[in-house]
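Basically the numbering used here = 1-based index in the sequence shown + 372. Take a look at the structure set out below.
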Amino acid sequence: MQPEELLNEGNDNSKKAAESPLLSLERDLKIFGESIHEVAIEIMMEGLSSYPIFIAHQHELKLGEVILDRNDLNSEWSIHASTLEEFEERGVIKPELKDRFINSYKNPNDYMCVFVVVPEGANFVYFPYKK
């Protein structure tokens, strides 16, 4: 076998391994969407917040409350439940950006607000609940 063949094989495998983590997150959110929606409704009904936020991650994170542990569920992502208020209190959302967040926040009955944390950074994603 030539060294070039080894390199080519490595490239083929790395393409498969380089699947976007968002694809596996989408699979998990589809599976657990109903449970996440129930938690969002509970957060709003109990008056904890009008802005539930779910944190998706694949490592240890100390933000929000664990609702779906990837190790317990044999899934790829853990999901924590949180709120705009906790994000502001913990400095994740700066006070001067709170209004911008609220204005871009989608209807929590139709969409889950997911704060996706990956090694490269973090960002908000809105994912529709399955109807």
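Cβ coordinates follow ideal geometry from the N, Cα and C atoms, glycine included.
Cα-Cα separation between residue i and residue j, rounded to whole angstroms
| i | j | result |
| --- | --- | --- |
| residue 440 | residue 468 | 31 Å |
| residue 395 | residue 483 | 18 Å |
| residue 465 | residue 496 | 11 Å |
| residue 487 | residue 399 | 16 Å |
| residue 449 | residue 392 | 13 Å |
| residue 429 | residue 408 | 15 Å |
| residue 446 | residue 401 | 14 Å |
| residue 472 | residue 397 | 25 Å |
| residue 453 | residue 442 | 14 Å |
| residue 444 | residue 403 | 15 Å |
Local Cβ density within 10 Å of residue i, reported as buried at 16 or more and exposed below that
| i | result |
| --- | --- |
| residue 474 | exposed |
| residue 489 | buried |
| residue 480 | buried |
| residue 380 | Caution applies to residue 380, whose pLDDT of 43 falls short of 50 and renders its modelled position unreliable; the value that the coordinates give is listed next. When all chains shown are included, residue 380 counts as exposed. |
| residue 427 | buried |
Given residue i as reference, the closest of the options once Cα atoms are compared
| i | options | result |
| --- | --- | --- |
| residue 463 | 426, 407, 405 and 435 | 435 |
| residue 455 | 485, 448 and 471 | 485 |
| residue 438 | 500, 459 and 451 | 451 |
| residue 458 | 421, 414, 410 and 411 | 421 |
Cβ distance (whole Å) where residue i is taken to contact residue j below 8 Å
| i | j | result |
| --- | --- | --- |
| residue 416 | residue 424 | 7 Å |
| residue 405 | residue 501 | 5 Å |
| residue 461 | residue 470 | Contact doesn't hold; Cβ gap of about 11 Å is too wide. |
beta-carbon residue i near the ligand COA non-hydrogen atom, thresh 6 Å
| i | result |
| --- | --- |
| residue 400 | No copy of the ligand COA occurs in the structure displayed, which carries no ligand at all. |
Restricting to runs no shorter than 4 residues, where is the alpha helix (DSSP H) found entirely within the region 416–503?
Counting only runs of 4+ residues, the alpha helix (DSSP H) found wholly inside the region 416–503 occupies 442–445, 456–461 and 470–476, in chain order.
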